[in-house]
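Numbered continuously in our numbering, the sequence shown closes out at residue 469. Note that the Cβ used here is the ideal one computed from N, Cα and C, for glycine as well. Bear in mind the structure is a predicted one, so any value in this text is a computation, not a measurement. For reference, the structure is listed below as structure tokens.
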Amino acid sequence: MMTKILDTNVLLDRPIKDILASMETCKIIIPLAVVNELDNFKHLDDLRGYCAREAIRYLDSLRPNLHHGVLLPSGHFLRVELNHTNVELPHFLPRDKVDTRIIGVAKGLGKDEQVTLVTRDTCVRIMADALGIAAENYDEEKLNLEDLYQGWKTMRISAAQVQQFYQFDRLDINDQSFLPNQYFIMEDETGGRNFGRYDRQRGGIVPLARDLNVFGISPIRDNIQQQFAVDALLNPDLHLVSILGPAGTGKTLLALAAGLHQVINLRRYNNLVVTRALIPHSQDIGFLPGSKEEKLNPWMGAIYDNLYYLIQNFTSNKYGTHTTPAGKLDEFIKEGYLELEALTYIRGRSIPQQWIIIDEAQNLNRENIKTIVTRAGKGAKLVVLGDIQQIDNCRLTAQNNGFVYLIDRFKGHELYAHITLQQTERSSLAALGVELLD
């Protein structure tokens, strides 16, 4: 069995369980010097600190047999190895340096078994190679964001296919590469563009919903992806919809409008629940006084801005023309149409027959996403929104956050649709910021 020796920087890259899952079955050696170095990182409030704490807790759970080695359920054999201080190494390598002690372990074990030193440190790999020790970089295969499912694609169709599409409200097509609820921009021979959604049950591409007006707003006319998003949001057969896009593309506004429309106007759902993770963008402002609602107000500022905009022109016999948007919003909340909730309080709940919006989902990890999806009760619709260019959770990256994990795992399922928005509508300055400040 191959023996792999892990450097500290590997264990600081991601949680140790993810590292083990990404490696083939082998014998894993963690030098005692590495454990000692992990102790220096455990207090940090960033990804390295989080991973250090996870590694320490995991190793602690394997005691008291770490010095003999522990056979893990995954088939890996893990052992903490004492420093090989008696190994002959060049005199100019400082003996008290962690890198030297790790190389010493690799050199000592390499006398009796096939050893590979796994490290992200280029200099350590060079030194190991110079000493005849096999070394490799740790670079877990990550999700390539360029290959991330967009939810829509462009294709060419003939004049005859255009006629069939509008005459029968379906374009019969059998392409194994098409995924359920994938949207299409179909360019015809005259330069026209036609839009539809692949419906596997009907065996073809079907037109979008005819009325895409929701709670007083409609998708921007030349923004095709917004039209796709609203069509998915209005489709009662889709129980999970995710929308990814940079700032200003209309994710939150469209989701709130579609939710209010189906809760208040169509009575298709009992109420609208809006929730998000409470992750500060910059310096945390600390604990906030007041009730739960008062504590949530600073975090829900963007949600309130969109709700005020949508509600300002809403009229009914119940609300007079002089009622302010804030007054209407308060009434919606009191009457149970709308609920703003911190993600912290979602665990343990079962949420049936409700329209649920998860905002800023790029700040959630895989466990968070699983918790949320498994809370959805019968008849509920879950709408997940996010922008992977704006991650505030220091433990996550654009490749490993729970939002992209959800998109990648749910694509191709009948109950799910995803749309990637590309066109910023907030302002020309916002659009330029998205383009230049990547």
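What residues are listed by DSSP as bridge partners for residue i?
i	result
Pro62	Glu112
Leu416	Ile274
Tyr229	Ile236
Arg217	A small fix is needed here, since residue 217 is Met in this sequence, not Arg. According to DSSP, which records beta bridges pairwise, Met217 is partnered with Met186 and Asn225.
Ala166	Leu148
Val261	In the DSSP output, where bridge partners are listed per residue, Val261 has none listed.
Val304	Glu370 and Ile387
Look at the Cβ atom of residue i, then the Cβ atom of residue j, and state whether they are nearer than 8 Å.
i	j	result
Gly276	Asp70	no
His270	Ala411	yes
Gln393	Gln421	yes
Ile295	Ala286	no
Ile60	Thr34	yes
Asp423	Tyr180	no
Leu341	Leu297	no
Lys138	Leu120	yes
Val149	Ala64	no
Asn254	Glu391	no
Val305	Gln385	no
Val272	Ala278	no
Ile400	Leu437	yes
Gly182	Asp203	no
Thr283	Ala333	yes
Phe434	Leu374	no
Leu37	His107	no
Tell me, to the nearest whole angstrom, how far the beta carbon of residue i is from that of residue j; I am working on the premise that it is less than 8 Å.
i	j	result
Leu97	Val111	4 Å
Arg426	Leu78	5 Å
Arg515	Leu239	An answer regarding residue 515 cannot be provided, because it is not within the stretch 32 to 469 covered by the chain.
Ile164	Val146	7 Å
Gln257	Pro250	4 Å
Ile364	Arg307	Incorrect: roughly 16 Å between the Cβ atoms, too far for contact.
Leu413	Ala407	5 Å
His115	Gly100	No, His115 and Gly100 are not in contact; Cβ-Cβ is about 16 Å, not under 8 Å.
Asn301	Leu369	With a Cβ gap of about 11 Å, Asn301 and Leu369 do not count as contacting.
Asn212	Asp219	The pair is not a contact, with the Cβ atoms about 23 Å apart (cut-off 8 Å).
Pro46	Cys82	6 Å
So what does DSSP say about residue i, is it helix, strand or coil?
i	result
His449	strand
Tyr339	helix
Ala240	coil
Met158	helix
Leu75	coil
Leu210	coil
Ile310	Legend: pLDDT at Ile310 = 49, less than 50; position of this residue unreliable, value from coordinates given subsequently. Reduced to three states, the DSSP call for Ile310 is coil.
Lys48	helix
Arg299	coil
Ile204	coil
Ala373	strand
Lys282	helix
Ala289	helix
Leu179	coil
Ile248	strand
Val34	Checking the displayed sequence, the identity of residue 34 turns out to be Thr instead of Val. Note: Thr34 maps to strand in three-state DSSP.
Ile316	Because the pLDDT at Ile316 is just 41, under 50, the model does not fix this residue reliably, and the value given afterwards should be weighed accordingly. Three-state DSSP puts Ile316 in coil, outside helix and strand.
Pro356	helix
Phe441	helix
Gly135	helix
Phe345	coil
Asn40	helix
Gln430	coil
Glu68	helix
Ile422	coil
Lys142	coil
Asp268	coil
Glu362	helix
Gln454	coil
Thr153	helix
Is residue i close to the ligand ATP? I mean its beta-carbon at under 7 Å from any heavy atom of the ligand.
i	result
Ile133	Among the components of this structure there are no ligands whatsoever, and the ligand ATP is therefore not found.
Self-check item: beta strand (DSSP E) runs contained entirely in the segment 83-132, provided each spans 3 or more residues
Solution: 108-112
Exercise. Taking only runs that begin and end inside the segment 380-410, name each unbroken alpha helix (DSSP H) of 4 or more residues, in chain order.
Key: 397-404
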